[in-house]
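Student: Per our numbering, the very first residue in the sequence shown carries number 2; after that it's consecutive.
Glycine included, each C-beta is placed from N, C-alpha and C at the ideal position.
Handing you this structure, nothing more for now.
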Amino acid sequence: MITRIFSTIVATCLLAASGSNTAQTTSGDVTFRLPLDLSQLSSDIAKIAVACSISSDAIPQGPNPPLDPKGVPMRPKLAKQVEIPVSAGQLVTTAIIVVPVSGLDNPVGKTANYDCSITGYSTALQQWSRFEEGHTTAAFRLSPTPPYITGSFVW
Numbered sequence: 002m003i004t005r006i007f008s009t010i011v012a013t014c015l016l017a018a019s020g021s022n023t024a025q026t027t028s029g030d031v032t033f034r035l036p037l038d039l040s041q042l043s044s045d046i047a048k049i050a051v052a053c054s055i056s057s058d059a060i061p062q063g064p065n066p067p068l069d070p071k072g073v074p075m076r077p078k079l080a081k082q083v084e085i086p087v088s089a090g091q092l093v094t095t096a097i098i099v100v101p102v103s104g105l106d107n108p109v110g111k112t113a114n115y116d117c118s119i120t121g122y123s124t125a126l127q128q129w130s131r132f133e134e135g136h137t138t139a140a141f142r143l144s145p146t147p148p149y150i151t152g153s154f155v156w
């Protein structure tokens, strides 16, 4: 069941972020809608976080951009995360992540890349982690593993 739901997430994310490869923005924001149906979570998982980020040459570079390991300035990103409480090891909802977008630099025709990820918060460990099939901590073991959701659109 989880595999089917995450396939829906990918399709919904693509539709939310693009229509014929054009960004859907309202009031300068990009909205991702991700249906979640997680029903086999550890009772130790108190909440789920869904984080989405957008990178694009249309996002202005700040005065001191972060550098990659080779010392090259990294592409600027816009990001937003929402946290949703889990009840009795289940979470069935639609996560709505609104990434604020303002002050783009001549965006028309430029490509934007996005990614969204899902993590869980362990109450016992008081830490966040991605879910993985072979995670060393039982609370974060989930099969199939929720995927990173990636794609692109044109402003």
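1. Answer yes or no: do I97 and R34 have a C-beta to C-beta separation smaller than 8 Å?
2. What number of angstroms, rounded off, separates the C-alpha of I157 from the C-alpha of V51?
3. What are the boundary residues of the beta strand (DSSP E) that S44 is part of?
4. As a quick exercise: from D30, R131, V109, F154, pick the residue whose alpha carbon is nearest that of I49.
5. On a Cα-Cα basis, can you pick out the residue from L39, H136, C53 that is closest to S153?
6. Which one of Y122, L92, P61, P64 has the shortest CA to CA distance from P36?
7. Skipping 5 residues on each side, what residues in its chain have a beta carbon closer than 7 Å to that of T124?
8. Exposed or buried, what is N22 when buried is set at 16 or more other beta-carbons lying within 10 Å of its beta-carbon?
9. Identify the continuous beta strand (DSSP E) that holds L143 and give its terminal residues.
10. Using CA atoms only, rank isn't needed, just tell me which of P86, G104, W129 is closest to P61.
11. Excluding sequence positions up to five away, which residues of its chain have a Cβ less than 6 Å from the Cβ of Q82?
12. Are N107 and A140 touching if we call contact CB-CB under 8 Å?
13. When the Cα atoms are used, what is the spatial distance from S57 to V31?
14. Does the distance from the C-beta atom of P74 to that of P64 stay below 8 Å?
15. Tell me whether G90 is buried or exposed, calling it buried when 16 or more other Cβ atoms sit within 10 Å of its Cβ.
16. Would you report the Cα separation of C117 and E84, rounded to the nearest angstrom?
Tutor: The answer reads as follows:
1. Cβ distance < 8 Å, so I97 and R34 count as in contact.
2. Because the chain spans 2 through 156 in this model, residue 157 falls outside it and cannot be assessed.
3. It is not in any beta strand (DSSP E) - S44 carries neither H nor E in the DSSP assignment.
4. The shortest C-alpha separation from I49 is found at R131.
5. Ranking L39, H136, C53 by Cα distance to S153 puts C53 first.
6. If we check each option's Cα against that of P36, L92 comes out closest.
7. Around T124: D45, A47.
8. Here N22 scores only 30 on pLDDT, less than 50, and its place in the model is too uncertain to base an answer on.
9. Secondary structure note for L143: it is in no beta strand (DSSP E), with a DSSP letter that is neither H nor E.
10. Nearest of P86, G104, W129 to P61, Cα basis: G104.
11. A50, A52, listed in sequence order.
12. No; because the gap between Cβ atoms is not below 8 Å, this pair is not in contact.
13. Each residue's Cα considered, the two are about 13 Å apart.
14. With respect to P64, P74 sits apart: the two C-beta atoms are not nearer than 8 Å.
15. Label assigned to G90: exposed.
16. Taking the straight line joining both Cα atoms gives about 13 Å.
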